[in-house]
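Participant: The numbering used here applies: residue 697 is where the sequence shown begins, and numbers increase by one.
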Amino acid sequence: MASKAYFIKASIKDGEKVISEKARKLFRAGGFASCFQENDFTAVKVHVGEKGNNTYLAAPCIKGLVDELLALKTKPFLTDTSTLYTGHRHNAIDHTILATEHGFCLDTLGIPFIATGGLFGTSETAVQINGELNKEVFVAYDIARCQSILSVAHVTGHVATCLGATLKTLGMGCASRKGKMKQHAALTLSIGDDCTRCGECYENCPADAIWLDDVKAHIDQDKCIGCAECLAVCRFEAVKLHWGQECEVLQKSMAEYALGTLKGKENKGAFFNYVLSVTKHCDCFNTPNMPKIVDDIGIVASTDPVAVDRATLDLVENRSGKTLGQLLKNKKLDPRYQLEHAERIGLGSNDCQLIEVG
Ligand code: SF4
Ligand code: SF4
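#1: Would you list, in sequence order, the uninterrupted beta strand (DSSP E) runs of no fewer than 3 residues that lie entirely inside the segment 700–767?
#2: Taking only the alpha-carbon atoms, compute the straight-line gap between G748 and G1021 and give it to the nearest angstrom.
#3: Pick out whichever of D803, R1040, L1024 and L908 has its Cα sitting closest to the Cα of A954.
#4: Which residue's Cα is closest to the Cα of E797: G940, D1000 and N750?
#5: So, with DSSP's three-state summary, where would you put T792?
#6: Within the same chain, show all residues whose beta-carbon is closer than 6 Å to that of A811, passing over the 5 residues directly before and after it, in chain order.
#7: Which partner residues does D914 have in the DSSP bridge list?
#8: So, T818 versus S847, is the Cβ gap smaller than 8 Å?
#9: Check whether the Cβ atoms of D910 and S707 sit closer than 8 Å, and answer yes or no.
#10: Are A1007 and A725 touching if we call contact CB-CB under 8 Å?
#11: For the alpha helix (DSSP H) containing E933, list its first residue and its last residue.
#12: When burial is assigned at 16 or more other CB atoms within 10 Å of the CB, is P1031 buried or exposed?
#13: Going by Cα to Cα distance, which pick from G1044, G853, G814 and F981 is closest to A951?
#14: Under three-state DSSP, which class holds V1004?
#15: Taking the beta carbon of R785 as the centre, do at least 16 other beta carbons fall within 10 Å, making it buried, or is it exposed?
#16: Counting only the same chain and skipping the five closest in sequence on each side, list residues whose C-beta sits under 6 Å from that of C891.
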């Protein structure tokens, strides 16, 4: 039987209050209240946006959802995990300060931001799964421990996973530092002879893993954390990756981590994708004013984390008339690896009935 996904049209032009109310309308229409019980510790998984980025999902856009959880008398908290790379979300202190600056805090939303994974992103639980690539995955402790989850994803493209939506939010976004490392280990990047020695990758590598000699740039594989930032910033296609094989492994591993994140929370999760200001790169980029790759579409929500991403992908591709890989200007990138693998391991269904809410 097809999984249900609920959809409401929306645009950034509506303004934050209207977007928030539309999300609330979707929450009610989809009966998502049944996922949450009084006194649940409920993780509201968000991405607060890297410093300098201004296309992330603004905090007030999720106010209606938070208010619904408060009305249900759960104990919701905003949360995200530390990044692998240095920056403003690398540890709990900097992350919490940035979250507050971006409005993901008690003042704006009425619930606190708690950077799960502890001060250094090392607080974790090993969750046993029967995956193809992972028998156990490492999930941020507090997310694994709490009773229910409301995942709020700002949909974007991604240089290696192609689609950044619910599965990425649950898989990569809820993993501990070790869990992120293990997923990124799928990527082995190198720099080819078409390098012009422009230095862009050197400037942007968060792990100081790139060095330049008189001829070209090089990657120190011992330092590289596989974040793929060099791949994203190189304008000369000099950074090499085994697109099919390595991106497939990364996406499959991410789907298995998503399975681990939700273990014990069966029927206790609601997944919202905001398909607004969809940019080529994710909100980890500190680049301001990234252009949209498709017109604003709306908000999609489901209790099935695969169906919500499948519906989102279909909406984006139908609206643009292009595959997401084409929109990202890399036809070899394909988000279907994560979607198909997620279904294979029992996370959800690609068979989705989309119900539009007026
Ligand atoms: S960004 Fe590309 S061209 Fe520039 S130094 Fe790095 S690999 Fe070479
Ligand atoms: S993937 Fe590239 S940018 Fe990221 S750590 Fe490795 S060399 Fe640096």
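Positions of the beta carbon are idealized from the N, C-alpha and C atoms, including for glycine.
Facilitator: Put simply:
#1: Annotation note: the segment 700–767 contains the following uninterrupted beta strand (DSSP E) runs of length 3 or greater, listed N- to C-terminal: 737–741.
#2: Roughly 26 Å between the two C-alpha positions.
#3: Checking every option, the nearest Cα to that of A954 belongs to R1040.
#4: Shortest Cα-Cα distance from E797 to any of G940, D1000 and N750 involves N750.
#5: DSSP places T792 in the helix class (H, G or I) of the three-state scheme.
#6: Answer for A811: A788, H791 and T792, listed in chain order.
#7: It is His, not Asp, that sits at residue 914 in the sequence shown. According to DSSP, H914 bridges with W907.
#8: No.
#9: No, they are not a contact pair.
#10: No, the Cβ-Cβ distance between A1007 and A725 is not below 8 Å.
#11: In the DSSP assignment, E933 falls outside any alpha helix (DSSP H), carrying neither H nor E.
#12: Under this definition P1031 is a buried residue.
#13: Selected option, being the one with the closest Cα: G1044.
#14: DSSP places V1004 in helix when its eight states are reduced to three.
#15: Only buried fits R785, as 16 or more other CB atoms lie within 10 angstroms of its CB.
#16: Only residues of its own chain outside the window of five on either side were considered, and among them K912, A913 and A934 have a CB closer than 6 Å to the CB of C891, listed in chain order.
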